[in-house]
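K.L.:
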Amino acid sequence: MNILLAEDDRKLGRLVKYMLEKKGGFHVDWVENGEDALDYARESAYDVLILDWMMPLIDGIDVCKQLRCGNYGQAIVLLTAKDSLQDKIFGLDAGADDYLTKPFEMDELLARLRVLARRSFAPRKTDIVSFGNFTFNRSSHRLLRDDAEIQLSQREYQLLDFFLQNAGNVLTREAILNRIWGLGSEVSYKNVDVTVKMLRDKLDVSGRGPAIHSIRGVGYRFEMDA
Numbered sequence: 009m010n011i012l013l014a015e016d017d018r019k020l021g022r023l024v025k026y027m028l029e030k031k032g033g034f035h036v037d038w039v040e041n042g043e044d045a046l047d048y049a050r051e052s053a054y055d056v057l058i059l060d061w062m063m064p065l066i067d068g069i070d071v072c073k074q075l076r077c078g079n080y081g082q083a084i085v086l087l088t089a090k091d092s093l094q095d096k097i098f099g100l101d102a103g104a105d106d107y108l109t110k111p112f113e114m115d116e117l118l119a120r121l122r123v124l125a126r127r128s129f130a131p132r133k134t135d136i137v138s139f140g141n142f143t144f145n146r147s148s149h150r151l152l153r154d155d156a157e158i159q160l161s162q163r164e165y166q167l168l169d170f171f172l173q174n175a176g177n178v179l180t181r182e183a184i185l186n187r188i189w190g191l192g193s194e195v196s197y198k199n200v201d202v203t204v205k206m207l208r209d210k211l212d213v214s215g216r217g218p219a220i221h222s223i224r225g226v227g228y229r230f231e232m233d234a
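Here the working numbering is used: the first residue of the sequence shown is 9, the next is one more, and so on.
#1: Run through DSSP, which three-state label would Ala83 get?
#2: Run the CB neighbour count on Leu23, radius 10 Å, all protein chains shown included, and call it buried at 16 or more, exposed below.
#3: In whole angstroms, what is the alpha-carbon distance linking Val195 and Ile84?
#4: Measure the beta-carbon distance from Lys110 to Thr143 and round it to whole angstroms, keeping in mind my assumption that it falls under 8 Å.
#5: How would you write the range of the alpha helix (DSSP H) that Phe170 sits in, first residue to last?
#6: With a threshold of 7 Å on Cβ separation, who are the neighbours of Leu100 within its own chain once the five nearest residues in sequence on each side are excluded?
#7: Please work out which residues of its chain come closer than 7 Å, Cβ to Cβ, to Ser193, disregarding the five sequence neighbours upstream and downstream, and give them in chain order.
#8: If we count the other Cβ atoms within 10 Å of its Cβ and call it buried at 16 or more, is Pro131 buried or exposed?
#9: In the structure shown, what three-state DSSP assignment does Val118 receive?
#10: In the structure shown, what three-state DSSP assignment does Ile7 receive?
#11: Do Asp212 and Gly140 have their C-beta atoms closer together than 8 Å?
#12: Given a cut-off of 8 Å on the beta-carbon distance, is the pair Gly42 and Leu65 in contact?
#13: Per DSSP, which one or two residues make a beta bridge with Ser196?
#14: For Gly282, count the other beta carbons within 10 Å of its own beta carbon; 16 or more makes it buried, fewer makes it exposed. Which is it?
#15: Helix, strand or coil: which one does DSSP assign to Gly225?
#16: Can you look up Phe238 in the DSSP assignment and give me helix, strand or coil?
#17: Rounded to a whole number of angstroms, what is the C-alpha to C-alpha distance between Glu231 and Ile220?
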C-alpha cells in the first residue's frame, strides 16, 4: 500500500514513516507542509493520505477540502491534537475517512490503515473493465483480446490500469513516472515514453485498438474507443 504522510513535526514524521514501513510493510512518502501534500497527492497515486491538521502553508483540513472538491477518491486520515467532538465532526465533514487524535499508539494507526486497505482493495465489479474487444481484469492481472491473452509486463499492467482510471484525461509524464516508478525515482521521461510505446504496440493491432494519444510537451491521453 502506498501512503502519503504530511506531518510538519520532524521527530514524529520520521517515527511514523519508519514504523509504517517497518511494521506495516507500506511504502511511505513524507512531506512537511500542506502545499507539498496537495502537489504530491495530485501528481502521484496513493492508497491513503495521512494529514496532520496543523501544518505550514495549508492546513490539513484545507488540503482535504481541496482534494475532495477535485473528486479525489482515496482514503484520508486526519492526525491532530484537537480531540473535541466538534473538531472530529468538522474533520470528517471536510472529507476525512478517519480521525486519530494525538498522542496515539502506532498499533492503532496500523489497525485503522488495515481497515482502510480492506475497503480499498475489496473485490469490486469495476475490477473487470471491458473496452472495445478487450477485457482487463485487475484482480488477475490479465488482459484479453477476443479471449486471447496478451502478455503484459508489470509496468505495462500498471500503466494500462492508470490509463483506464483516467480515460479521456491527459496524464503528464511526471504523473506517470511517479505512479509507475515511484516518487524520487532516477529514471527519465524516456523510460515513460518507451513503456507507453510498448503498451501501445500491444493494444493497437491493425489500427483497431484503443488509442493512446501523445500530447506534445505534456504527456498522454488514453481513449477507450479509438
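Glycine residues also receive a C-beta, built at the ideal position from the N, C-alpha and C atoms. In this text the structure is predicted, and so the values were computed from the model without any measurement.
P.N.:
Looking at the coordinates:
#1: Ala83 sits in a strand when the DSSP states are folded into three classes.
#2: That one is exposed.
#3: Rounded to the nearest angstrom, the gap between the Cα atoms of Val195 and Ile84 is 29 Å.
#4: Wrong, their Cβ atoms sit about 47 Å apart, outside the cutoff.
#5: Per DSSP, Phe170 belongs to the alpha helix (DSSP H) from 162-173.
#6: In chain order, Tyr107 place their CB closer than 7 Å to the CB of Leu100, counting only its own chain and leaving out the 5 sequence neighbours on each side.
#7: Answer for Ser193: Leu185, listed in chain order.
#8: Bear in mind that a pLDDT of 49 at Pro131, under 50, signals an unreliable position, so the number given afterwards is only what the model happens to contain. Label assigned to Pro131: exposed.
#9: Here residue 118 is Leu; the residue named in the question, Val, does not match the sequence. Reduced to three states, the DSSP call for Leu118 is helix.
#10: With the chain running from 9 to 234 in the structure shown, residue 7 is simply not present.
#11: Their beta carbons are not under 8 Å apart, which means Asp212 does not touch Gly140 by this criterion.
#12: For the 8 Å CB-CB criterion, Gly42 and Leu65 form a contact.
#13: In the DSSP output, where bridge partners are listed per residue, Ser196 has none listed.
#14: Here the chain comprises residues numbered 9 to 234, so residue 282 is not present and cannot be evaluated.
#15: In the structure shown, Gly225 adopts coil according to DSSP, grouped into three states.
#16: Look at the range of the chain in this structure, 9 to 234, and you will see that residue 238 is not part of it.
#17: Distance between the alpha carbons of Glu231 and Ile220: 6 Å.
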